[in-house]
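Residue numbers (the UniProt record's numbering): 1 to 296. Read through the structure below, which is laid out as structure tokens, and then see the notes.
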Ligand SMILES: Nc1ncnc2c1ncn2[C@@H]1O[C@H](COP(=O)(O)OP(=O)(O)O)[C@@H](O)[C@H]1O
Ligand SMILES: [Mg+2]
């Protein structure tokens, strides 16, 4: 099997991702490079808003392949991930056959076969990714799904093929690049982790965050970005918030301030735009009380 997406070295990963606006440090670039070259899923774990989902999007963008996204949630099951049969269309088909007199008792077996035709197969993300390869399959927020679902994923990620009893086996011509993300609301199983290459995505350094915001929101003044990133770094370290802001919030905040016409951070515009930065009432209250001292 050929490589799903071609990449020669670690530098190429970083360069291509940067060309889409995604910035990654050498460690993440290396793990991503290895995942692609070794055909292993990439498991990204970290706080919300640290760019885990965005990495998968950037990979698909950089290599111009489809991004197939499976958003996990509590109670997700195999039919939502793999495939389902289009029941209403199957019924219509049967009715049409009946009307044509084709579904007589002798033709029943034939009619039954016709019902499990590819036309009536609804490919959900995992099957779609196998069919569309090369592609990037993003299995997002896998920590929200339950154990059983994890076991199912493990199987698919080991074989990159899916057997549909009524239909046959579908395998990927070229295995997709798989990115799993987890916000670590629970620990994933060792078996799944063992299958993957792992990277913990941390909040970026000050310089890293400035570069990311500059890359994503070039319209915002450079000095404002510097102040926003500095303030957010300080918040993460000191403020003991219920939910410390991620890069997503830094970006939102910088853009919000820009929309308020700000070129420098001050008490007034900071207070007015807090809703872009913190999303818990307790955090907003705490921040409002300490804004003055933090900005002085
Ligand atoms: N390293 C990065 N380079 C460019 N943009 C980033 C980076 N990290 C985060 N972002 C931006 O921050 C936002 C949140 O990222 P996201 O991938 O949704 O976070 P997560 O999936 O970790 O919760 C997105 O708009 C994303 O583009
Ligand atoms: Mg995400």
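Glycine included, every Cβ here is placed at the ideal spot set by N, Cα and C.
Where residue i sits in the DSSP three-state scheme
i	result
residue 50	coil
residue 237	helix
residue 159	helix
residue 296	coil
residue 33	helix
residue 254	helix
residue 2	A caution first: residue 2 carries a pLDDT of 43, below 50, which makes its placement in the model too unreliable to give a value.
residue 284	helix
residue 164	strand
residue 23	coil
residue 185	coil
residue 117	coil
residue 146	coil
residue 44	strand
residue 247	helix
residue 17	helix
residue 84	strand
Endpoints, the beta strand (DSSP E) within which residue i is located
i	result
residue 69	67-71
residue 199	197-201
residue 168	168-171
residue 274	Unbroken run through residue 274: none, as it is neither H nor E.
residue 138	136-140
Status (buried if at least 16 other CB within 10 Å, exposed otherwise) for residue i
i	result
residue 277	buried
residue 50	buried
residue 6	exposed
residue 8	exposed
residue 81	buried
residue 45	buried
residue 91	exposed
residue 260	exposed
residue 168	exposed
residue 263	exposed
residue 1	Its pLDDT being 41, under 50, residue 1 is placed unreliably by the model, and the measurement read from it follows with that caveat. Residue 1 comes out exposed.
residue 290	exposed
Boundaries of the alpha helix (DSSP H) in which residue i is found, first to last residue
i	result
residue 207	206-216
Between the stretch 227-241 and the stretch 60-77, are three or more C-beta pairs nearer than 8 Å? no
Please confirm if the stretch 220-238 is in contact with the stretch 198-210, defined as three or more CB-CB distances below 8 Å between the two stretches. yes
Residues surrounding ligand 2 [beta-carbon distance to nearest heavy atom under 6 Å]: 52, 53, 140, 181
Does the stretch 68-80 come close enough to the stretch 254-274 that 3 or more CB-CB pairs lie under 8 Å? Judged by Cβ distances under 8 Å, the stretch 254-274 makes no contact with the stretch 68-80, as fewer than three pairs qualify.
Using 8 Å as the cut-off, can you tell me whether the stretch 137-150 makes contact with the stretch 8-28, which would need three or more C-beta pairs spanning the two stretches below that distance? no
Counting beta carbon pairs with one atom in the stretch 165-181 and one in the stretch 39-57, are three or more of them shorter than 8 Å? yes
Count the CB pairs spanning the stretch 81-99 and the stretch 282-290 that are closer than 8 Å, and state whether there are at least three. no
Take every Cβ of the stretch 186-202, pair it with every Cβ of the stretch 146-153, and state whether three or more of those distances are shorter than 8 Å. yes
Is it the case that the stretch 217-227 contacts the stretch 250-267, given that we only count it when at least three CB pairs across the two stretches are under 8 Å? yes
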